[in-house]
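Enquirer: I have a structure I would like to understand better, so I am pasting it below and will then ask my questions one at a time.
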């Protein structure tokens, strides 16, 4: 059984928070923003839910520093 979209969004918001990202839903898609423990702020805009999930999972695998 697939998660509902609202459950998926809630799970992504929780992951984003753990990785010090803010996840915002906008008319053009989703935005991810992080300015904690990075040399320059990280911003991704106009993302689909799948793209946002992929970026967050990549950061999760790399560790909190992202590299």
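Residue numbers (the working numbering): 3 to 69. The C-beta atom is built at its ideal place from N, Cα and C for all residues, glycine as well. This one's a predicted model, so the numbers in the text were calculated from it and none came from an experiment.
(1) Do you know offhand how far residue 49's Cα is from residue 39's?
(2) Tell me whether the beta-carbon of residue 13 lies closer than 8 Å to the beta-carbon of residue 51.
(3) Do you know whose CA, among 31, 36 and 28, lies nearest residue 19's CA?
(4) I'd like to know whether the C-beta atoms of residue 33 and residue 53 end up nearer to each other than 8 Å.
(5) Which two residues bound the contiguous alpha helix (DSSP H) that contains residue 49?
(6) Looking only at its own chain, which residues have a Cβ that is under 6 Å from the Cβ of residue 24, when we skip the five neighbours before and after it?
(7) Measuring only the C-alpha atoms, how far is residue 45 from residue 57?
Expert: Based on what the coordinates show:
(1) As a working mapping, residue 49 is identified with position 47 in the chain shown. As a working mapping, residue 39 is identified with position 37 in the chain shown. Going from the Cα of residue 49 to the Cα of residue 39 covers about 23 Å.
(2) What you label residue 13 is simply residue 11 of the chain shown in a count that begins at 1. What you label residue 51 is simply residue 49 of the chain shown in a count that begins at 1. Not closer than 8 Å, so no.
(3) Locating residue 19 in the chain shown gives position 17, counting from the first residue. For the residues 31, 36 and 28, the minimum Cα distance to residue 19 belongs to 36.
(4) For the purposes of this step, residue 33 is taken as the residue at position 31 of the chain shown. For the purposes of this step, residue 53 is taken as the residue at position 51 of the chain shown. It is not a contact, given that the beta carbons lie outside the stated cut-off.
(5) Locating residue 49 in the chain shown gives position 47, where the first residue counts as 1. Residue 49 -> not in any alpha helix (DSSP H); beta strand (DSSP E) instead, spanning 44-49.
(6) In the chain shown, the residue the question calls residue 24 occupies position 22. Contacts found: 35.
(7) In the chain shown, counting from the first residue as 1, residue 45 sits at position 43. In the chain shown, counting from the first residue as 1, residue 57 sits at position 55. Cα to Cα, residue 45 sits roughly 11 Å from residue 57.
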